[in-house]
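The opening residue of the sequence shown carries number 827 in this note's numbering; numbering runs sequentially from there.
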Amino acid sequence: IKPPNTREIAETDTGLFILGNANQIQQALLNLGTNAFHAMPQGGDLEIRAFCAEGAINITVRDTGCGMTPSLQKRVFEPFYTTHQETGSSGLGLATVRSIVSSHDGLLGLESRVGQGTVFMMNFPAWHSEEEKPEAEEV
827 IKPPNTREIA ETDTGLFILG NANQIQQALL NLGTNAFHAM PQGGDLEIRA
877 FCAEGAINIT VRDTGCGMTP SLQKRVFEPF YTTHQETGSS GLGLATVRSI
927 VSSHDGLLGL ESRVGQGTVF MMNFPAWHSE EEKPEAEEV
């Protein structure tokens, strides 16, 4: 398997934060990156982008892998559903991502086209740095 070309793009100094558990957000990104890696056995591009829009923090993970059919897109968040049995996948990665995003009051989206790739979009409520935040770990 050839490793993907990776680009990480992040806007900084926005004064906005995700109020939540940094380890869980990192786990969600790791799961999405692993999924992208498996979708690109011949290599490709993996792009991780973080930006602010309309008072929210958006993180997108885009790959140029094989993409997914509409019927597959309907099932990918089901626990234990996998198309990568040969790699030992448990089928819990995307279900875990959905759970993490939901536990942070976020939204999770998916766009995919067969032969063109996939983009997962995580949208989290933003906290302004000058606001008083409850005790939690910032990401």
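Beta carbons are placed, not taken as given, at the ideal position from N, Cα and C, and that holds for glycine.
Among the options, the one whose alpha carbon lies nearest that of residue i
{"i": "Leu-898", "options": "Asn-884, Phe-950 and Thr-944", "result": "Thr-944"}
{"i": "Ala-878", "options": "Glu-904, Phe-843, Glu-937 and Gly-932", "result": "The amino acid at residue 878 is misidentified as Ala; the sequence shows Cys. Comparing Cα positions, the closest option is Phe-843."}
{"i": "Gly-919", "options": "Ser-929, Thr-908 and Ser-928", "result": "Thr-908"}
{"i": "Gly-869", "options": "Ile-883, Gln-942, Asn-831 and Leu-845", "result": "Asn-831"}
{"i": "Ile-883", "options": "Ser-915, Val-902, Lys-900 and Leu-845", "result": "Leu-845"}
{"i": "Phe-950", "options": "Gln-942, Lys-900 and Gly-881", "result": "Gly-881"}
Beta-carbon proximity check, residue i vs residue j, cutoff 9 angstroms
{"i": "Ile-874", "j": "Gly-859", "result": "yes"}
{"i": "Met-866", "j": "Thr-886", "result": "no"}
{"i": "Met-947", "j": "Val-923", "result": "no"}
{"i": "Gln-850", "j": "His-930", "result": "yes"}
{"i": "His-864", "j": "Ser-925", "result": "no"}
{"i": "Ala-854", "j": "Val-902", "result": "no"}
Exposure of residue i, with buried meaning 16 or more beta-carbon neighbours within 10 Å
{"i": "Val-940", "result": "exposed"}
{"i": "Gly-935", "result": "exposed"}
{"i": "Asn-861", "result": "buried"}
{"i": "Ser-938", "result": "buried"}
{"i": "Gly-932", "result": "buried"}
{"i": "Ala-848", "result": "exposed"}
Element boundaries [beta strand (DSSP E), containing residue i]
{"i": "Ser-938", "result": "933 to 939"}
{"i": "Leu-872", "result": "871 to 879"}
{"i": "Val-887", "result": "882 to 889"}
Bounding residues of the alpha helix (DSSP H) (the contiguous stretch that carries residue i)
{"i": "Thr-860", "result": "848 to 865"}
{"i": "Val-794", "result": "With the chain covering 827 to 965 only, the question about residue 794 has no answer from this structure."}
{"i": "Leu-898", "result": "896 to 899"}
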